[in-house]
Structure formats: C-alpha cells, structure tokens
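Engineer:
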Amino acid sequence: MNSITKLLMAMSLLLSVTFASAQIKNKTTEKVKVNGNCSMCKKVIETAANVNKEAKVIWNEDTKMATITYDAQKTNLDTILKRIADAGYDNEKFKAPNAVYDELHGCCQYDREPSDKKPTSSSSHH
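If you want it as structure tokens, here you go:
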C-alpha cells in the first residue's frame, strides 16, 4: 500500500510540473521593482498580476523585485504593471492611485517616492 501511495504522489508531481511549465507559451521574463513590505503585499501583488496561461509573477519581499513571466502574444509588461498599480503598489512604470494606496492595510503602506514622472494607473494613454 505504501509503495502505491508513493507512486501516485510521484505521478501527480510529474503531471503538475508538466502542466505548470506548459501554461505560458511564448515566454518573456523580466525583473521589475515593485514597492511593498510584507507577505500580505506579496499575495496581493501576485494575485493582481497572475493570469492563467498569460502571466505569472513572483514577488520577492526582501529585494522588492518581481520576476514577471508572460506570453508576449497575449499581454505585455505595461498591462501587467498597470494591474499591480491598480491593486495599490507603485512600480517602475506606474504609480498606484492615491485612493487605492490609502486603503492598503497599515503594514502594506510602503514609503512612496514622490515622483511626477510615473503616470498613475488611471491615466489614459494617447
């Protein structure tokens, strides 16, 4: 019985690795700074950015760097970074709307850089 359980677990692991790597096609991977403080930030950032078969984001709490892997035929870096900003987290390209940032949990309110260079995520592009 024990060997059957081990075999099933090994097969499940193999299948999950196969499916996970097959999800995003035409992969492009980039590293981008995304502000945040804690594990709660990590969850929100990754949830906002991850789209099945389109984009996968892993945010590092220590370095404040997001590793963004995406299908370049379905989306682009700006679209992903805008979703992160819309969730309240400033990044290299977009600043989160003040109202959204203000609603973040206290531990998630990182020190914001004063900058007029970054468009807010609600800005329209011409």
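Position one of the sequence shown corresponds to residue 1 (the UniProt record's numbering), numbered consecutively onward. Ideal Cβ positions, reconstructed from N, Cα and C, are used throughout, including at glycine.
1) Between ILE45 and SER3, what straight-line distance do the alpha-carbon atoms span, to the nearest angstrom?
2) Can you tell which of GLN23, THR29, ALA66 has the C-alpha that lies nearest to the C-alpha of ASN35?
3) Does DSSP classify THR79 as helix, strand or coil?
4) Would you tell me roughly how many angstroms separate the C-alpha atoms of ALA87 and THR75, rounded to the nearest one?
5) Given 8 angstroms as the limit, is there contact between the region 25-41 and the region 104-112, that is, 3 or more CB pairs closer than that?
6) Tell me the rounded alpha-carbon separation between LEU104 and LYS43.
7) Might you give, ordered along the chain, the residues of its own chain that have their beta carbon closer than 6 angstroms to the beta carbon of ASP71, omitting 5 neighbours on each side?
8) If you run the structure through DSSP and keep just helix, strand and coil, what is ASP71?
9) So is ASP90 buried or exposed if we call it buried at 16+ other beta carbons inside 10 Å?
10) Where does THR63 fall in DSSP's three states?
Structural biologist: Reading from the atomic positions:
1) 40 angstroms
2) ALA66
3) helix
4) 18 angstroms
5) yes
6) 13 angstroms
7) ILE24, LYS25, ASN26, GLU54
8) strand
9) buried
10) coil
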